[in-house]
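In the numbering used here, the protein residues as written are -9 to 204. Report on the following structure.
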Ligand code: VGL
Ligand code: ZN
């Protein structure tokens, strides 16, 4: 089936479209808010939506401020491996953690909150950064008989990308709508994750490919 034939087994997974990842936010991704218009434009094509929300407690272990002498964007070894350190962002209950006000998807059936455990980060919507602790989303999609996930949101090279790779690990088809994402692009992170997409069979396409003659 070509990607544009969207069915009831397809879900649009909208990753972390939160104030802190948009201009003026604590971890602002260049042009982050520009994904919203694209998401709203493709939304009528989909029947099912799931949103994710980065949702850290204050003092989270992924924050540079939680580690003496460390600055944002440095790396540190945590129990589960190397972790990039970030500015404090998406702290539970703050304005920065709220969805951007222009994101208008009241029909979303589920919101997955991730990164809530103090000692472990979670880029992926499916597994925390140890790559083994599930969020529950994989079982939810299986129970609901969803077989394909289309992905949009922030950031392309972190939470969107890790979610797409984990979707493939779970046997789902994964299709990223590239123009509905923006990247952080830290130390070659875009090139690195795109090599992993090719290996894992993640499809990357433009939102316009959902429209027009089949
Ligand atoms: C993200 C870094 C830290 C993301 C979340 O949503 O891509 N990136 N937390
Ligand atoms: Zn985070």
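Quick reminder that beta carbons are idealized off the backbone N, C-alpha and C, glycines included. Model, not experiment: these values are computed from the prediction.
Neighbour-count burial assignment, residue i, 16 or more Cβ in a 10 Å radius
i: residue 99; result: exposed
i: residue 86; result: buried
i: residue 63; result: exposed
i: residue 147; result: buried
i: residue 67; result: exposed
i: residue 16; result: buried
i: residue 135; result: exposed
i: residue 189; result: exposed
i: residue 177; result: exposed
i: residue 161; result: exposed
i: residue 125; result: buried
i: residue 132; result: exposed
i: residue 101; result: exposed
i: residue 119; result: buried
Identified DSSP bridge partners for residue i
i: residue 44; result: 104
i: residue 39; result: 2
i: residue 167; result: 195
i: residue 136; result: Partner(s): none; residue 136 has no beta bridge.
i: residue 67; result: 72
i: residue 8; result: 89
i: residue 117; result: 124
i: residue 244; result: With the chain represented from -9 up to 204, any question about residue 244 goes unanswered, as that position is not in the structure.
i: residue 81; result: 46
i: residue 172; result: 144
i: residue 53; result: 76
Quiz: which residues have CB nearer than 7 angstroms to the ligand VGL non-hydrogen atoms:
5, 6, 11, 17, 44, 52, 76, 79, 80, 105, 111, 113, 144, 145, 148, 149, 150, 174
Below 8 angstroms, can you find three or more Cβ-Cβ pairs linking the region 141 to 159 to the region 99 to 115?
As far as the Cβ criterion goes, the region 141 to 159 touches the region 99 to 115, which means the pair count is three or higher.
Counting beta carbon pairs with one atom in the region 36 to 50 and one in the region 4 to 11, are three or more of them shorter than 8 angstroms?
yes
Cβ pair count under 8 angstroms reaching 3, the region 24 to 40 against the region 62 to 75
no
With a cut-off of 8 angstroms, do at least 3 Cβ pairs link the region 77 to 85 to the region 44 to 53?
yes
With a cut-off of 8 angstroms, do at least 3 Cβ pairs link the region 133 to 145 to the region 102 to 110?
At 8 angstroms Cβ cutoff, the stretches do not touch.
Contact the region 162 to 174 vs the region 192 to 202: 3+ CB pairs below 8 angstroms:
Result yes; three or more Cβ-Cβ pairs closer than 8 angstroms.
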